[in-house]
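Contents: one structure, followed by commentary.
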Amino acid sequence: LVQKGDQQAIITRARGLTPGKPVALTFTLNEPAPIDRFGTENYIHTLRKIDPDLTVVFVNPNGTFAASTDGARIEAVLANDHFGGEFVQAVQSGDSAKLRELVSASNRSIGENAANAEALRIMNEDGVKSLVAVNSEQRPVGIVRRDRIISEMVAGLAV
Numbered sequence: 061l062v063q064k065g066d067q068q069a070i071i072t073r074a075r076g077l078t079p080g081k082p083v084a085l086t087f088t089l090n091e092p093a094p095i096d097r098f099g100t101e102n103y104i105h106t107l108r109k110i111d112p113d114l115t116v117v118f119v120n121p122n123g124t125f126a127a128s129t130d131g132a133r134i135e136a137v138l139a140n141d142h143f144g145g146e147f148v149q150a151v152q153s154g155d156s157a158k159l160r161e162l163v164s165a166s167n168r169s170i171g172e173n174a175a176n177a178e179a180l181r182i183m184n185e186d187g188v189k190s191l192v193a194v195n196s197e198q199r200p201v202g203i204v205r206r207d208r209i210i211s212e213m214v215a216g217l218a219v
């Protein structure tokens, strides 16, 4: 999980990430620092070069999970003057309902020790490719991806 930071931070962090490995970018809702829409779009674009299926996770000020979506949806919204402004306002005001509306964010997560079948069921119900895994305090600890689960299941059948 990568916490959103300034532009220099993305360059430094991107160098330490492995292409092809899952990456998740986190935004803290109600963050007092202003969000630069174009800088955020660049941040997401850069991370999607490392992980095309980038997951964006929104957390509450106390660090607990609030919602998640894929980076492509946010990148598209940020490219639109009207909706990009609404996105920034929703993050800064902590309006998770507006985020769900703007970027089809899901407010569902999965326990870090949940079964793959449960993860797949929730992904199918919500029409998402990934879920945020949370610990017992509802803090994000990782990302569960549909393609990875299916790949592992198919590999297990080939044995």
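In this note's numbering, the protein residues as written are 61 to 219. C-beta atoms are modelled at their ideal positions from N, C-alpha and C, and glycine is treated no differently.
- Which residues in the same chain have their Cβ closer than 6 angstroms to the Cβ of Ala193, if we skip the five residues on either side of it in sequence? Ile170, Glu172, Val201, Gly202, Val204
- Task: From the DSSP output, read off the bridge partner residues of Phe125.
- Result: Val119
- DSSP state of Ile210 mapped onto helix, strand, coil: Three-state result, Ile210: helix.
- Have a look at Leu114 and Ala165 and give me their C-alpha separation to the nearest angstrom. 13 angstroms
- Query: For Arg205, which of helix, strand or coil comes out of DSSP?
  - Reply: strand
- Task: Determine the direct distance from the alpha carbon of Thr78 to that of Arg108, and round the result to whole angstroms.
- Result: Roughly 12 angstroms separates the two Cα atoms.
- Thinking Gly131 and Leu85 are a contact (beta carbons under 8 angstroms), I'd like their distance in whole angstroms, please. 7 angstroms
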